[in-house]
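Residue numbers (the numbering used here), protein chains in the order written: chain B, 1244 to 1355; chain Y, 291 to 406. Worksheet: the structure to be examined is printed underneath.
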């Protein structure tokens, strides 16, 4: 079972920041937070991951609370092409059971 | 660098038949994982192969099987197809197997299987 909860959907205006929340209140100390997204009829795309520090790459920023029980994925300037289902996943980064377990994700709709 | 390639993209089969799906990982990647995606169950892990050995397996019946070749290409086979096997089958590759730090999986576009 997925160990994260996300709201089912949200929308934002094109050009504005999209802040996607994720709760992972039972996260263990050795589990990372990963974000993937899936654009309709395509395979999931890796976005970013982190353990406890905030992370930034060319696609997005990941903000993890100090207690690590929740995180926020930030798309700084959303475009129409960012409309997709976004999955927040927690997983250990080692061991035989570190497979990705996808939940239902959050559907982000970017409006013009 | 070319991404993960899955063939065919679309497939139509009838109940009782068997099907084989193919996945070519990113060059240099030795781990291949397979997932099934349906509207009802979402994305579910099937199995993972690394260096021609199955390392991890999800909760699917034995009708679902796979293998990996020495060039890291992988095939997935489903025998005695059922209507409920209609799904998008996704393959993901990574440089190292799950269980190694900072393993990132890159997904192909999938094979959409329809069972009639």
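Virtual Cβ for every residue (Gly too), placed ideally from N, Cα, C. Quick caveat, the model's predicted, so the values are computed rather than measured.
The Cβ-Cβ distance between residue 1333/B and residue 1247/B falls below 8 Å. Within the region 1265-1312 of chain B, the runs of beta strand (DSSP E) that reach at least 3 residues and sit entirely inside it are, in chain order, 1274-1281, 1288-1293 and 1304-1307. Between the beta-carbon of residue 405/Y and that of residue 304/Y there is about 7 Å, and that keeps the pair under the 8 Å contact cut. Annotation: the region 333-378 of chain Y contains the following complete segments of the beta strand (DSSP E) (minimum length 3 residues), in chain order: 343-347, 354-358 and 364-368.
Below the 7 Å Cβ cutoff, chain Y contributes 380, 397, 398, 399 and 400 as neighbours of residue 1286/B, in chain order. Taking residue 1254/B as the centre and dropping the five residues before and after it, the same chain places the C-beta of 1351, 1352, 1353 and 1354 closer than 8 Å to its C-beta, in chain order.
Taking a cut-off of 8 Å on C-beta distances, the region 373-380 of chain Y touches the region 321-330 of chain Y, as three or more cross pairs fall below it.
Comparing alpha-carbon positions, the option among 1343/B, 1295/B, 1346/B and 1327/B lying closest to residue 1281/B turns out to be 1327/B. CA-to-CA, the gap between residue 349/Y and residue 355/Y works out to about 12 Å. With respect to residue 314/Y, residue 363/Y sits close: the two C-beta atoms are nearer than 8 Å. Taking 8 Å as the CB threshold, residue 342/Y stays off the interface with chain B. By the rule that beta-carbons nearer than 8 Å mark a contact, residue 361/Y does not touch chain B. Between residue 1262/B and residue 1322/B, the gap from beta carbon to beta carbon reaches 8 Å or more. Among the residues of chain Y, those whose CB is under 7 Å from the CB of residue 1347/B are 332, following chain order. Residue pairing of residue 323/Y in beta bridges, as defined by DSSP: 338/Y and 382/Y. Separation of the CB atoms of residue 1300/B and residue 1306/B is rounded to 13 Å, and the pair is thereby denied contact status at 8 Å.
Annotation for residue 1334/B: the continuous beta strand (DSSP E) segment containing it runs 1327-1335.
With respect to residue 1286/B, residue 398/Y sits close: the two C-beta atoms are nearer than 8 Å.
Nearest to residue 366/Y by C-alpha distance, out of 373/Y, 374/Y and 352/Y, is 352/Y.
In the DSSP assignment, residue 303/Y falls within the unbroken beta strand (DSSP E) covering 300-303. Of 369/Y, 382/Y, 403/Y and 386/Y, the smallest CA-CA separation from residue 308/Y is found for 369/Y. The Cβ neighbour count for residue 300/Y, taken over all protein chains shown within 10 Å, is under 16; the residue is labelled exposed. The beta carbon of residue 1342/B falls within 8 Å of a beta carbon belonging to chain Y, placing the residue at that interface.
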